[in-house]
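Quick notes on the structure that follows.
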Amino acid sequence: MYAAILRTHGPIESDPLDYVEVPEPTPGPGEISIDVLACGVCRSNLHMIEGDWLPGTPASLPIIPGHEVVGRVKVLGPGVTNLAVGDRIGVQPIWSTCGLCIHCLTGNEQRCRARQITGETRDGGYAEVMLANAAYAYKIPDGLSDAEAAPLLCPGITAHGSVKKAQLSPGQKIGVFGVGGVGHMVLQMAALTGADVYAVTRSAAHRGLAEELGAKASYVPAGHEGGPVLPDASLDAAIVFAPSDHAVADAIRVVRPGGRVVLGVAQTVGPMDIGDEKTVVGSVLGSRWEMSEVLGLASDGKLRSVHEDFPLSEANLALSRLKSGDLLARAVLIPGA
Ligand SMILES: [Zn+2]
Ligand SMILES: [Zn+2]
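Following this note's numbering, the numbering of the sequence shown begins with 6 at its first residue and continues without gaps.
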């Protein structure tokens, strides 16, 4: 089988992923192998490939990246009874968890310290075939195409978790900072709560997309030209997926005293006035149950995923386009395209 494999970290401009033939993996107990149909391209993949992601990530080299995967079950490993050969399934970043710790036992398995991460501690979906854990595979609803379903497995669940943590009520005002692969889904899910949604982005193309997806209006961050800027303390909450410390500071500025700011990307939180009693909360992924809710929303037509497809052999190109900021939403790799 062919895969886009990372052997040595390097800037994406140096084409660090090698598209080569590698041995096809065989599923162990509780595992399945899948023929990959589509795999989303995540900003965290870019960081891992360039070598500036979380410490200890990837667990080892070489590694096959990719954690937003749709595929068809090819081989069942010993003991797998919940899936059949030919089922179309999805794999999200959480490849497995321990099932025993306080996080796993309280519905927050995404926080499990013993979790395995697809494409970081286990080979991922930038490949024609990959292994998945059968207990962490999701049947993909029939109405969704492979490429539109793939981004639900990471941006979709990530957006869902962040909107829950914003604790919105109907009629509240929320700002969404960053309208990219995740932000375009955050906008839609925030609107489903009945809140009024405002987009904040430097890109005119992204402001257009935001309004098409239900934002009431769109703004530029403070200090930028090209559009209006949100007034101080004008919103109840903000969710930040723009990869910039400036966006975090701006989100804290526009939220009213007592309001909430949800951070979905690792950023520095600058000075805060404690007298304003604002809450800043981090958010990462979500549980298997929440993942099923996201697939249900998309299947019901309440959540749209905007994607741009590339052949798997052009993974370096897709990642370069992500880095340079000229993707409208999510890049998706298609094996055999
Ligand atoms: Zn991702
Ligand atoms: Zn656990």
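Ideal placement from N, C-alpha and C gives every residue a C-beta, glycine not left out.
Quick caveat: nothing in here was measured; it's all calculated off a predicted structure.
Rounded distance between the beta-carbons of residue j and residue i, thought under 8 Å
{"i": "L214", "j": "V311", "result": "7 Å"}
{"i": "V187", "j": "F246", "result": "5 Å"}
{"i": "A195", "j": "V202", "result": "5 Å"}
{"i": "G130", "j": "H72", "result": "7 Å"}
{"i": "A155", "j": "G45", "result": "4 Å"}
{"i": "G95", "j": "Y143", "result": "4 Å"}
{"i": "I99", "j": "L290", "result": "6 Å"}
{"i": "L317", "j": "A342", "result": "7 Å"}
{"i": "G183", "j": "A252", "result": "7 Å"}
{"i": "G82", "j": "P34", "result": "6 Å"}
{"i": "G232", "j": "A254", "result": "With a Cβ gap of about 18 Å, G232 and A254 do not count as contacting."}
{"i": "N87", "j": "A139", "result": "6 Å"}
{"i": "S150", "j": "Q121", "result": "Contact doesn't hold; Cβ gap of about 28 Å is too wide."}
{"i": "A303", "j": "L158", "result": "11 Å between Cβ atoms; not a contact."}
Residue j beta carbon less than 8 Å from that of residue i
{"i": "Q97", "j": "M296", "result": "yes"}
{"i": "G244", "j": "V299", "result": "Inspection of the sequence shows that residue 244 is occupied by Ile rather than by Gly. Contact: no."}
{"i": "V286", "j": "K178", "result": "no"}
{"i": "P160", "j": "R12", "result": "no"}
{"i": "L66", "j": "A320", "result": "no"}
{"i": "S80", "j": "P32", "result": "Note on residue identity: the sequence assigns Val, not Ser, to residue 80. Yes, the Cβ-Cβ distance between V80 and P32 is below 8 Å."}
{"i": "D314", "j": "I339", "result": "yes"}
{"i": "G76", "j": "V41", "result": "yes"}
{"i": "M6", "j": "E36", "result": "no"}
{"i": "L240", "j": "V267", "result": "no"}
{"i": "E125", "j": "S292", "result": "no"}
{"i": "A227", "j": "R261", "result": "no"}
{"i": "E137", "j": "I257", "result": "Sequence inspection shows Ala at residue 137; the Glu mentioned does not correspond to that position. Against a cut-off of 8 Å, the Cβ pair of I257 and A137 comes out as no contact."}
{"i": "P30", "j": "E55", "result": "no"}
{"i": "A242", "j": "L197", "result": "no"}
{"i": "P248", "j": "V270", "result": "yes"}
{"i": "T273", "j": "D250", "result": "yes"}
{"i": "P60", "j": "M53", "result": "no"}
{"i": "C106", "j": "A119", "result": "yes"}
{"i": "R93", "j": "I145", "result": "yes"}
{"i": "N50", "j": "L324", "result": "yes"}
{"i": "A8", "j": "A132", "result": "yes"}
{"i": "I69", "j": "I10", "result": "yes"}
Reduced DSSP secondary structure (H/G/I, E/B, other) of residue i
{"i": "Y141", "result": "helix"}
{"i": "M135", "result": "strand"}
{"i": "P316", "result": "strand"}
{"i": "K79", "result": "strand"}
{"i": "K178", "result": "strand"}
{"i": "A8", "result": "strand"}
{"i": "A294", "result": "Note that residue 294 is Trp in the sequence shown here, rather than Ala. Residue state, collapsed to three classes: helix."}
{"i": "P117", "result": "Note on identity: in this sequence residue 117 is Cys, with Pro being the wrong assignment. The answer is coil: DSSP assigns C117 none of H, G, I, E or B."}
{"i": "L308", "result": "coil"}
{"i": "T284", "result": "strand"}
{"i": "I122", "result": "strand"}
{"i": "E73", "result": "coil"}
{"i": "R326", "result": "helix"}
{"i": "L110", "result": "helix"}
{"i": "E153", "result": "helix"}
{"i": "D250", "result": "helix"}
{"i": "R207", "result": "coil"}
{"i": "S101", "result": "strand"}
{"i": "A222", "result": "strand"}
{"i": "G35", "result": "coil"}
{"i": "D201", "result": "strand"}
{"i": "E217", "result": "helix"}
{"i": "D241", "result": "strand"}
{"i": "P5", "result": "The requested residue 5 is not part of the displayed model; the chain covers only 6 to 342."}
{"i": "E26", "result": "strand"}
{"i": "L192", "result": "helix"}
{"i": "A89", "result": "coil"}
{"i": "D255", "result": "helix"}
{"i": "V168", "result": "helix"}
8 Å Cβ cutoff, residue i in contact with chain B
{"i": "A334", "result": "As a matter of chain content, chain B is missing from the structure shown, which is built from one protein chain."}
Name all residues in chain order for which at least one heavy atom of ligand 1 lies closer than 5 Å to the residue's CB. C47 and C159
Quick one, what's near ligand 2 if you take every residue whose CB is closer than 7 Å to any heavy atom, in chain order? T102, C103, G104, L105, C106, H108, C109, E114, C117, R118, A119 and R120
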